[in-house]
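Everything on this sheet refers to the single structure shown next.
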Amino acid sequence: MSLSEKISTSIKMNVAKRKLESRKIDHRDGNPLEQWGVNKIKNEIKNNKELKQLFNPEELSRENIKDYKLIKFRELLNYVMENSSYYKDVFEKEGIDPSQIESYDDLAKIPLTNPEDLAAKPYHFLCIPRKKIVREFTSSGTTGIRKMIAYSQDEILEIVDAIISALKMLEMDSKDDTLHIMYPTITATWDPGVILGKACMLAGVKSVINDSESVEEQINTILESGSTHIIGLSSFVHKLSMEAKNIDGIKDIGIRKIICSSEPLTEEMRADIESVWGCEALRQWGMTELGLANAIECSQQNGFHVDNPDFLIEIVDPVTREILPPGVEGELVITTLRRKCMPLIRYSTRDFTSILDEPCKCGALLDQRITDIKRMPK
């Protein structure tokens, strides 16, 4: 890299760091992921005259945040009707009027967006000029339906910001910490290691990426780099653990947390992994369509903490499409409240879960959690 390129990269990094809310968070002040989400909402209220008349940003309650999200939902409806050819056609056909969405029950008036819709006409969802797109990802995920989703520069930075706050929640916030990243069998056009590596760099912690399918190579890299945290495909983490259990002193090498993602993690697999490394194995959930990193467990291992400011979450009956109350399992439906490039309205995830609408024992009082996530029964 030339000197001018190094200077340009350094400037971009410093600009990016100044935009990150996660860098202002201290895990000693409470759950960092919740702090990050609530601060995002507070800042928007403080900078919006209409919102300031409705909410006191210094005294937000769970009900306040729900009301805030309903306002953001109506704003998003107006935005996509003006900028997305897909939603403009659908809403005109259905006679949708955003002003009529006055309660959470009214959300049912808006048709679901299905993965097939996104796969068939991805660019019809675009709300910004294509020249402003910085990354396009394609993935078939767990639905088996190949989809493309695009992101702007600011949206990529928002994803990185959320990841940093989640890493802080897992007590990864020291320059002495190293995240070992291993996704050897990912076949999508996006590489989670790239996003995670950038998040670590901006957070001021170290990371090492090893894409090898060799368990021996992975373990050697973990030992050589002094890794403190591991993240990877659930099945590969389990395979690595089963082979590592025969290594003398494996529990003493300093691994403090293990994050299992991209695939289901059974309780049996979790028990195996934790018994080998002597630390917690936590689950992470996300979809390419929604921004890759959307929800993660805390050390309580009692539900996934969701990216609170970005998503309005619903659970619906997979047959009747009726909106279900907290505690009742159904299909997870998500609206991306803050996306400007390719926002999704009431997106059908084809995943099955329920809402945990109560404070978490980790100290999080205002964020939202969901229970175990499974593929939706056919």
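Here the working numbering is used: the first residue of the sequence shown is 20, the next is one more, and so on.
Beta carbons are placed, not taken as given, at the ideal position from N, Cα and C, and that holds for glycine.
Here's the rule: buried if 16 or more other CB atoms are within 10 angstroms of the residue's CB, otherwise exposed. What is Ala139? Here residue 139 is taken as the residue at index 120 of the sequence shown, counted from 1. Ala139 is exposed by the Cβ-count criterion.
Beta-carbon contacts of Thr247 that lie in its chain and below 6 Å, excluding the five residues immediately before and after: Walking along the sequence shown from the start, residue 247 turns up at place 228. Asp196, Thr197, Gly273 and Arg275.
Endpoints, the alpha helix (DSSP H) within which Ser253 is located: Counting from 1 along the sequence shown, the entry for residue 253 is found at position 234. First-last of the alpha helix (DSSP H) with Ser253: Ser253 to Ala263.
Taking 7 Å as the limit between beta carbons, can you name the residues of its chain near Ser254, skipping five residues before and five after? Start at 1 with the first residue of the sequence shown, and residue 254 comes out as number 235. Answer for Ser254: Glu282, listed in chain order.
For a quick check, are the C-beta atoms of Ile269 and Trp304 less than 8 Å apart? Taking the first residue of the sequence shown as 1, we reach residue 269 at position 250. Taking the first residue of the sequence shown as 1, we reach residue 304 at position 285. Contact: no.
Extent of the continuous beta strand (DSSP E) run through Cys279: Looking up residue 279 in the sequence shown gives position 260. Counting along the chain, the beta strand (DSSP E) containing Cys279 begins and ends at Lys276 to Ser280.
What residues in its chain sit with their C-beta under 8 Å from that of Ala193, if we drop five residues either side in the sequence? Here residue 193 refers to the residue found at position 174 of the sequence shown. Looking at the sequence shown, residue 193 is not Ala but Ser. Excluding residues within five positions, the ones whose Cβ falls inside 8 Å are Val224.
Any idea what DSSP makes of Met167, helix, strand or coil? To locate residue 167, count along the sequence shown from 1; it is residue 148. Met167 falls in the strand class under three-state DSSP.
Using CA coordinates, which residue listed in Ser373, Gly382, Gln54 and Glu77 is at the minimum distance from Ile413? This structure leaves residue 413 out entirely; the chain is present only between 20 and 397.
Here's a check: name, in chain order, each residue in its chain whose Cβ is nearer than 6 Å to the Cβ of Gln54, leaving out the five neighbours to either side. Against the sequence shown, residue 54 aligns to sequence position 35. Cβ within range, chain order: Ile44.
CA-CA distance, Gly322 and Ile389? By one-based count along the sequence shown, residue 322 stands at place 303. By one-based count along the sequence shown, residue 389 stands at place 370. The alpha-carbon atoms of Gly322 and Ile389 are separated by roughly 5 Å.
Candidates Asp271, Arg358 and Val325: which alpha carbon is nearest Tyr98's? Residue mapping note: residue 98 aligns to position 79 of the sequence shown, counting from 1. Taking only the C-alpha atoms, the option nearest Tyr98 is Arg358.
The beta strand (DSSP E) spanning Ala314 covers which residue range? Taking the sequence shown and counting its residues from 1, the one referred to as residue 314 is at position 295. Here the beta strand (DSSP E) through Ala314 covers Ala314 to Glu316.
As assigned by DSSP and simplified to three states, the class of Glu299: Translated into positions along the sequence shown, residue 299 becomes position 280. Glu299: strand per DSSP, three-state reduction.
Ala185 and Leu52 look like a contact to me (Cβ under 8 Å); what is the Cβ gap, rounded to whole Å? Indexing the sequence shown from 1 puts residue 185 at position 166. Indexing the sequence shown from 1 puts residue 52 at position 33. Confirmed, Cβ separation roughly 5 Å.
With Ile214 and Leu311 assumed to form a contact (beta carbons below 8 Å), what rounded beta-carbon distance in angstroms separates them? The residue labelled residue 214 in the question sits at position 195 within the sequence shown. The residue labelled residue 311 in the question sits at position 292 within the sequence shown. Confirmed, about 6 Å.
Ser244 vs Val227 beta-carbon contact at 8 Å: The residue you call residue 244 lines up with position 225 of the sequence shown. The residue you call residue 227 lines up with position 208 of the sequence shown. Yes, Cβ-Cβ distance for Ser244 and Val227 is below 8 Å.
Please specify which runs of the alpha helix (DSSP H), each continuous and at least 4 residues long, are wholly inside the stretch 324–397, giving them in chain order. none
Under 8 Å by Cβ, that's how I've got Ile353 and Phe330 pegged, so tell me the actual separation to the nearest angstrom. Along the sequence shown, one-based indexing puts residue 353 at 334. Along the sequence shown, one-based indexing puts residue 330 at 311. About 5 Å; that satisfies the 8 Å criterion.
Where the alpha helix (DSSP H) containing Met201 begins and where it ends: Counted from its first residue, the sequence shown places residue 201 at position 182. Careful: Met201 lies outside any alpha helix (DSSP H), inside the beta strand (DSSP E) at Thr197 to Met201.
Determine, using beta-carbon pairs with one atom in the stretch 111–119 and one in the stretch 331–351, whether at least three such pairs fall under 8 Å. no
To the nearest angstrom, how far is it from the Cα of Cys279 to the Cα of Met100? Here the question's residue 279 lines up with position 260 in the sequence shown. Here the question's residue 100 lines up with position 81 in the sequence shown. Each residue's Cα considered, the two are about 38 Å apart.
Sub-8 Å separation of Ile292 and Ser260 beta-carbons: Translated into the one-based positions of the sequence shown, residue 292 becomes position 273. Translated into the one-based positions of the sequence shown, residue 260 becomes position 241. Yes, the Cβ-Cβ distance between Ile292 and Ser260 is below 8 Å.
Inspect the beta-carbon positions of Ile249 and Ile277 and report whether they are closer than 8 Å. The sequence position of residue 249 within the sequence shown is 230, counting from 1. The sequence position of residue 277 within the sequence shown is 258, counting from 1. Yes, they are a contact pair.
Short of 6 Å in beta carbon distance, which residues of its chain neighbour Phe144, apart from the five on each side in sequence? Order them along the chain. Numbered from its first residue, the sequence shown carries residue 144 at position 125. Hits under 6 Å: Ser103, Tyr105 and Met361.
Outcome for Gly56 when other beta-carbon atoms lying within 10 angstroms are tallied against a minimum of 16: Numbered from 1 along the sequence shown, position 37 holds the residue referred to as residue 56. Label assigned to Gly56: buried.
Let me confirm a value: Glu235 is counted as buried when at least 16 other C-beta atoms fall within 10 Å, else exposed. Which label applies? Locating residue 235 in the sequence shown gives position 216, where the first residue counts as 1. It counts as exposed.
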